[in-house]
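Here the sequence shown is numbered in this note's numbering, starting from 20 and rising by one per residue.
Glycine residues also receive a C-beta, built at the ideal position from the N, C-alpha and C atoms.
Structure record follows, encoded as structure tokens.
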Amino acid sequence: MNKEKLLEYSTPFLVIILIVAVFFLGSFWTKVQYLENGSGKPQAVAQQVQQAQQAPAPSGPVKVSIDDDPILGDKNAKVTIIEFSDYECPFCKRHFTDTLPQLIKEYIDKGLVKLVFRDLPLSFHDPMATTEAIAANCAREQGDDSTYFKYHDEIFKRTKSNGNGLTKEDLYKIATDLKLNVNNLKTCIDDPKQKEEVQKDLTDAGSVGANGTPAFFIGKSTNDGIIEAVLTSGAQPFSVFKTIIDELL
């Protein structure tokens with residue numbers, strides 16, 4: 020058999036081997052990444068990826084509401100970032116740790132940008148992802164948006180964001196440390212109306228194509244609280260936010 024014939028017969032076989040190798044290498048990489056985040060649950064990542072692939076992503080700008088959710092920064096800031104997030108998502112924690120401090124320093128503290136935090140607890144991180152979201156909302160009811168973000172910060176600092184979540188006792192301890200009324204927090208967490216608030220965020224997220232976390236919508240602020248923005252997904256570096264924000268300012 021000459022070399023040309025050998026090449027003709029062997030090429031499809033080599034392509035199949037390459038595809039299979041890439042598949043297994045990708046699966047191995049996913050498992051390693053999730054283990055490095057402290058979860059030991061690669062299946063959760065697979066579910067998240069599958070969910071994101073099945074959901075239709077917006078092809079262009081969409082209109083997104085800030086609803087009645089907590090705001091960090093000057094309410095009259097020129098640019099609004101709406102974040103849909105899950106306290107048990109390792110990529111959300113990465114954003115909180117690596118990128119948010121820079122956004123606060125360069126834009127939020129200077130009154131240029133305001134951040135609106137909306138809840139998107141993923142089902143495979145429940146029940147604690149939803150309970151954490153509710154607890155933060157309950158903390159806000161005892162104070163204001165500033166109280167909310169103090170509680171929000173403590174959840175991200177204390178959870179491993181590996182899907183297991185903080186216990187209710189952990190959430191009560193945060194309330195104690197922040198000098199909130201723990202008994203009121205307990206009652207609030209168990210109030211069915213609080214789940215409705217989180218569900219409203221989930222519904223709104225789905226309607227604008229935000230099905231994975233974290234998901235960000237960045238646009239010019241409006242008087243009615245509805246911004247026109249393009250979806251930015253994942254734990255993006257500060258430079259990505261800077262590019263978008265600077266164009267809007």
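- DSSP, reduced to helix, strand and coil, places Asp210 outside both helices and strands of the structure shown, so it counts as coil.
- Across the set Lys133, Thr206, Lys192, the C-alpha of Lys133 shows the shortest separation from the C-alpha of Gly238.
- When DSSP assignments are scanned along the segment 125-174, the uninterrupted stretches of beta strand (DSSP E) that are 3 or more residues long and fall wholly within it turn out to be 132-138.
- The segment 222-254 is shown to contain whole beta strand (DSSP E) runs of 3 or more residues at 234-239, 245-252, in chain order.
- DSSP places Lys82 within a strand segment (E or B) once states are collapsed to three.
- The closest CA to that of Pro109, considering only Leu119, Lys198, Pro233, Asn242, is found on Pro233.
- Here the C-alpha atom of Ser226 lies approximately 33 Å from the C-alpha atom of Ile193.
- Per the DSSP secondary-structure output, Phe103 pairs in a beta bridge with Arg137, Ala234.
- In the structure shown, Leu119 adopts helical secondary structure according to DSSP, grouped into three states.
- Take the alpha-carbon of Leu204 and the one of Tyr170: they are about 12 Å apart.
- With 16 or more neighbouring CB atoms inside 10 Å of its own CB, Glu107 falls in the buried class.
- Here Val81 is near Ala248, since their CB atoms are less than 8 Å apart.
- By the neighbour-count definition (other C-beta atoms within 10 Å, threshold 16), Asp88 is a buried residue.
- Scanning its chain for C-beta atoms nearer than 7 Å, with the 5 sequence neighbours on each side dropped, one finds around Cys207 the residues Cys157, Glu160, Gln213, in chain order.
- In the structure shown, the three-state DSSP call for Leu267 is helix.
- A Cβ-Cβ distance of about 5 Å is found for the pair Asp105 and Pro140, placing them in contact under the 8 Å criterion.
- A buried status is given to Glu151, since no fewer than 16 other beta-carbon atoms sit within 10 Å of its beta-carbon.
- Between the beta-carbon of Phe236 and that of Ile101 there is about 4 Å, and that keeps the pair under the 8 Å contact cut.
- The beta carbon of Ala96 lies closer than 7 Å to those of Gly130, Leu131, Val132, Lys133, Ser240 in the same chain, with the five residues before and after it left out.
- By the 16-neighbour rule on beta-carbons within 10 angstroms, Lys112 is buried.
- Nearest C-alpha to Arg137 among Asp196, Leu221, Ile127: Leu221.
- Taking all protein chains in view, the Cβ of Leu268 is surrounded by fewer than 16 other Cβ atoms within 10 Å, so the residue is classified as exposed.
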